[in-house]
Amino acid sequence: MLAAYSRLRPCVEGNTTFYAVPDTRTVQRWNEATPPEFRFVFKLPRRITHDLRLRNCGTELHEFVSRLEPLGERLGPTFAQLPPSFGPNDLGVLASFLAALPSDRPWGVEVRHREFFVGGTFEQDLDELLRTHNVNRVIMDARCVHAGPADTPAEIDEIRTKPNLPVRPVATSSSPVVRFIGQTRAEANPEFWKPWVETCARWVAQGLEPYVFIHTPDNVESPALAGAFAAEVERHHLHGV
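Printed below as a string of structure tokens:
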């Protein structure tokens, strides 16, 4: 499926790495199945982000980085999805962790603590920290799914697990990442992603390389929706409409 997908879309969000470090043969298969211009955006293992909370994780980080090394230029931003309990008091830990990251690939951080979304000092400190280390802020936009129905088990699970946080369309490095969580009904999504079309077109005009992933509760229509979104961004970038 990865080989077929890579002919349709230019990148994929690798969620499986959150749960386990892939073995060497799996990484080799990913490499063989995709063209050189394809990009993987992986999550760091939860062992690093949730169990160790970025503390004393040098061995685990080295193992993960080394395992993905064969993918080379196929590596897009690798990001740490941090738990909601990782808050302002942990910024010093985050600073030490970012300082230790290898500089040969792009990185990102997704936070979920509400104090980082209210426009105050803590949010400013976070954004400045990410800019200092040239790290992208990963932005999750779950407003669409929370505005929709909760009729299926997949919809109920998405609404339960995806916090409905304020959206901050900020770019702290050259490859901002947007994770748009949409509705099962495909036609409901464009109205909610419309602001992102303008934002991403502006980023492209500024020379940035945004990564946008369009999710739905069952992800059946996600590849087609991603293509529709990309086409809208291209039209807006080229023609302003």
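Heads up: the sequence shown at position 76 corresponds to 878 in our numbering, and the numbers run straight through without jumps.
Built from N, CA and C at the ideal position, the CB exists for glycine as well.
Contact between the stretch 944 to 954 and the stretch 900 to 912 is absent: fewer than three C-beta pairs spanning the two stretches fall below 8 Å. Looking only at C859, S976, T826 and E1023, the smallest Cα-Cα distance to A882 is reached by C859. In the DSSP assignment, Q1008 falls outside any alpha helix (DSSP H) and carries neither an H nor an E. For I941, the enclosing beta strand (DSSP E) starts and ends at N938 to D943. DSSP, reduced to helix, strand and coil, places V980 within a strand of the structure shown. Contact check for V969 and I941: beta-carbon distance about 7 Å, within the 8 Å limit, so the pair qualifies. Annotation for R811: P1025, A1028 and G1029 place their beta carbon closer than 8 Å to its own, counting only its chain and skipping 5 residues before and after.
Inter-residue distance for C1002 and L877 is about 21 Å (C-alpha atoms, whole angstroms). Burial of L863 is indicated by the presence of at least 16 other C-beta atoms within 10 angstroms of its C-beta.
In this structure L873 is not in contact with V843, their Cβ atoms being roughly 11 Å apart against a cut-off of 8 Å.
Under the three-pair Cβ rule at 8 Å, the stretch 926 to 935 does not count as touching the stretch 1030 to 1043.
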